[in-house]
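2 protein chains.
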Amino acid sequence: MFGIGALSRDTGCHIETIRYYEKLGLLPEPQRSAGGHRLYNKTHLKHLTFILKARSLGFSLDKTRELLSLSENSNRSCSEALMLVEANLKTVSEKIMELQRIKEALLIMSGDCKGCCPSAKAPDCTIVESLFNDKNADKN
Amino acid sequence: MFGIGALSRDTGCHIETIRYYEKLGLLPEPQRSAGGHRLYNKTHLKHLTFILKARSLGFSLDKTRELLSLSENSNRSCSEALMLVEANLKTVSEKIMELQRIKEALLIMSGDCKGCCPSAKAPDCTIVESLFNDKNADKN
DNA sequence: ATAAAATCTGTAGTTACTACAGGTGCAAGC
DNA sequence: GCTTGCACCTGTAGTAACTACAGATTTTAT
Chain Y
1 MFGIGALSRD TGCHIETIRY YEKLGLLPEP QRSAGGHRLY NKTHLKHLTF
51 ILKARSLGFS LDKTRELLSL SENSNRSCSE ALMLVEANLK TVSEKIMELQ
101 RIKEALLIMS GDCKGCCPSA KAPDCTIVES LFNDKNADKN
Chain Z
1001 MFGIGALSRD TGCHIETIRY YEKLGLLPEP QRSAGGHRLY NKTHLKHLTF
1051 ILKARSLGFS LDKTRELLSL SENSNRSCSE ALMLVEANLK TVSEKIMELQ
1101 RIKEALLIMS GDCKGCCPSA KAPDCTIVES LFNDKNADKN
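Note that the protein sequences, when read in sequence, are chains Y and Z. Be aware that the first sequence starts at 1, since it is given in my numbering, and climbs by one per residue. Be aware that the second sequence starts at 1001, since it is given in my numbering, and climbs by one per residue.
The following block contains the structure:
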């Protein structure tokens, strides 16, 4: 049995975050000392590690909750886990593509500016000018 | 002179978002009709387009505010704009790398699972098991 | 016994919006 | 001139995933 400070140190997860996960029902409520302090065991440690790992793989807390429930429920199928992973893979791939598009555009802006910088005044900078140019702007 | 609905239609930006940008001071306060409705002109349209384009390039609203102020201030230098672009480029590149790390890991998980799925029960799925494995978990 | 450190609860702040609720303005048709 | 219906108004609360307090209490160490 150990306190929240030890759990925080062992996992690298902030104390506030641990309490937050408990409030959301991701982490089971631990025992309490006579004075009301939380007392954890190794199961909690495993549980929290699972959450942190899922989070580090880009799963939302909702999806993480789903994964946790799969890990505890023998009458659910492995294919549900696969579906969650593949949905996340799709989201992540899309984000990468969007960021790559952004990166390309920024590289062009930065390259163009090398020619006008630092002699130009800011309002005449090619960067600023290209932002007034409405081509390619996202329409939300 | 046109109303907020027309500005919204022309830019693809939600009415609520336009009001939100005004509240944040990103968009100058427009004139009002006798009854209090906002009345915009072409300058507002250009301004909002600038904001949307910056946003579509991954700039935060704070950085967008900076870019706007550069666009209006002749005694600021072009190099400030370049610095903003390059800082954003760095952020975007880092995000891409992080997402690629995640994508690799998810691909491995999904590949490993193909062998156990769909016969296994969820708690024994290689995906679930690998999440209990604390190697490589982010420590916040 | 007392001081210091750890922990407690609860609320508010962060980013960039979105979604109401409940009220008023405005323009068109009759 | 009146009514109807849509556009617009303000203000508040909700979203995700936390973080940062304030102010009180408990635990631990001397």
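Glycine included, C-beta positions come from ideal geometry on N, C-alpha and C.
Range of the contiguous alpha helix (DSSP H) that encloses Y/Lys53:
Sequence index remark: in the first sequence, residue 53 of chain Y carries index 53 (1-based). Y/Lys53 -> alpha helix (DSSP H) spans Lys42 to Ser56.
Min CB distance Z/Ile1096 to chain Y below 7 Å:
As a first step, residue 1096 of chain Z must be located in the second sequence, where it is residue number 96. True, the Cβ-Cβ gap to chain Y drops below 7 Å.
CB-CB under 8 Å to Z/Ile1004, same chain, minus the five flanking residues each way: which ones, in chain order?
Here residue 1004 of chain Z is taken as the residue at index 4 of the second sequence, counted from 1. So the list reads Ile1015, Ile1018, Arg1019, His1037, Arg1038 and Tyr1040, once near-sequence residues are dropped.
Listing by chain order, which chain Z residues have their CB less than 8 Å from the CB of Y/Asn73?
Within the first sequence, numbered from 1, the residue matching residue 73 of chain Y stands at position 73. In chain order: Ala1122 and Pro1123.
I'd like to know whether the C-beta of Z/Phe1059 is nearer than 7 Å to at least one C-beta of chain Y.
In the second sequence, counting from the first residue as 1, residue 1059 of chain Z sits at position 59. Not closer than 7 Å to any Cβ of chain Y, the Cβ of Z/Phe1059 fails to qualify, so no.
Can you list, in chain order, the residues of its chain whose CB lies under 8 Å from that of Y/Ser130, leaving out five sequence neighbours each side?
For the purposes of this step, residue 130 of chain Y is identified with residue 130 of the first sequence, where counting begins at 1. Within the same chain, Y/Ser130 has close Cβ partners Met109 and Asp112.
Report all residues from its chain with a CB closer than 7 Å to the CB of Y/Arg32; omit the five preceding and five following residues, and keep chain order.
The residue given as residue 32 of chain Y occupies position 32 in the first sequence. These residues qualify, in order along the chain: Arg38 and Leu39.
Buried/exposed call for Y/Lys53, threshold 16 Cβ in 10 Å
Numbered from its first residue, the first sequence carries residue 53 of chain Y at position 53. Buried, by the Cβ-count rule.
Leaving out five residues before and five after Z/Ala1122 in sequence, what residues of the same chain have Cβ atoms less than 8 Å from its Cβ?
As a first step, residue 1122 of chain Z must be located in the second sequence, where it is residue number 122. Counting only Cβ-Cβ distances below 8 Å, and skipping sequence neighbours, we find Val1128.
Can you tell which of Y/Leu48, Y/Glu22, Y/Leu27 and Y/Phe2 has its C-alpha closest to the C-alpha of Y/Gly12?
The residue you call residue 12 of chain Y lines up with position 12 of the first sequence. Minimum Cα distance to Y/Gly12 is reached at Y/Leu48.
Determine the chain Y residues that contact Z/Asn1088 at a beta-carbon separation under 9 Å, and present them in chain order.
Working through the second sequence from its first residue, we reach residue 1088 of chain Z at position 88. Those are Ile102 and Leu106, listed as they occur along chain Y.
Would Y/Leu68 pass as a contact of Z/Lys1095 if the rule is Cβ separation under 7 Å?
As a position in the first sequence, residue 68 of chain Y is number 68, starting the count at 1. As a position in the second sequence, residue 1095 of chain Z is number 95, starting the count at 1. Taking 7 Å as the Cβ cut-off, Y/Leu68 and Z/Lys1095 do not qualify as a contacting pair.
Residue burial classification, Z/Gly1058 (beta-carbon count within 10 angstroms, cutoff 16)
Walking along the second sequence from the start, residue 1058 of chain Z turns up at place 58. With 16 or more Cβ atoms within 10 Å of its Cβ, Z/Gly1058 is classed as buried.
What does a CB cutoff of less than 7 Å around Z/Arg1065 pick up in its chain, not counting 5 residues either side in sequence?
Within the second sequence, the letter at position 65 stands for residue 1065 of chain Z. These residues qualify, in order along the chain: Leu1026.
Using the Cα positions of Z/Glu1104 and Y/Ala34, report the straight-line distance between them to the nearest angstrom.
Residue numbering aside, residue 1104 of chain Z sits at position 104 when the second sequence is read from its first letter. Residue numbering aside, residue 34 of chain Y sits at position 34 when the first sequence is read from its first letter. Answer to the nearest angstrom: the Cα atoms are 47 Å apart.
Helix, strand or coil: how does DSSP classify Y/Leu24 here?
Here residue 24 of chain Y corresponds to residue number 24 of the first sequence, with the count starting at 1. Of the three classes helix, strand and coil, the one that applies to Y/Leu24 here is coil, per DSSP.
Nearest to Y/Asp10 (by Cα), restricted to the options Y/Arg55, Y/Glu29, Y/Lys46 and Y/Lys63
Numbered from 1 along the first sequence, position 10 holds the residue referred to as residue 10 of chain Y. Of Y/Arg55, Y/Glu29, Y/Lys46 and Y/Lys63, the residue nearest in Cα terms is Y/Lys46.
Y/Phe2 - partner residues in DSSP beta bridges:
Within the first sequence, numbered from 1, the residue matching residue 2 of chain Y stands at position 2. Answer by DSSP bridge pairing, in chain order: Y/Tyr40.
Report yes if the CB atom of Z/Arg1076 is closer than 7 Å to the CB atom of Z/Leu1070, and no otherwise.
As a first step, residue 1076 of chain Z is located in the second sequence; it is residue number 76 there, counting from the start. As a first step, residue 1070 of chain Z is located in the second sequence; it is residue number 70 there, counting from the start. Yes; because the gap between Cβ atoms is below 7 Å, this pair is in contact.
When the cut-off is 7 Å and only beta carbons count, does Y/Lys42 lie next to chain Z?
Along the first sequence, one-based indexing puts residue 42 of chain Y at 42. Taking Cβ atoms only, chain Z never reaches closer than 7 Å to Y/Lys42, which makes this a no.
Starting from Z/Arg1076, find everything on chain Y with Cβ-Cβ shorter than 9 Å and list it in chain order.
For this step, residue 1076 of chain Z is matched to residue 76 along the second sequence. Lys121, Ala122 and Pro123, listed in chain order.
Would you mind sorting Z/Glu1080 into buried or exposed? The rule is 16 or more other CB atoms within 10 Å of its CB.
Indexing the second sequence from 1 puts residue 1080 of chain Z at position 80. Buried is the call here.
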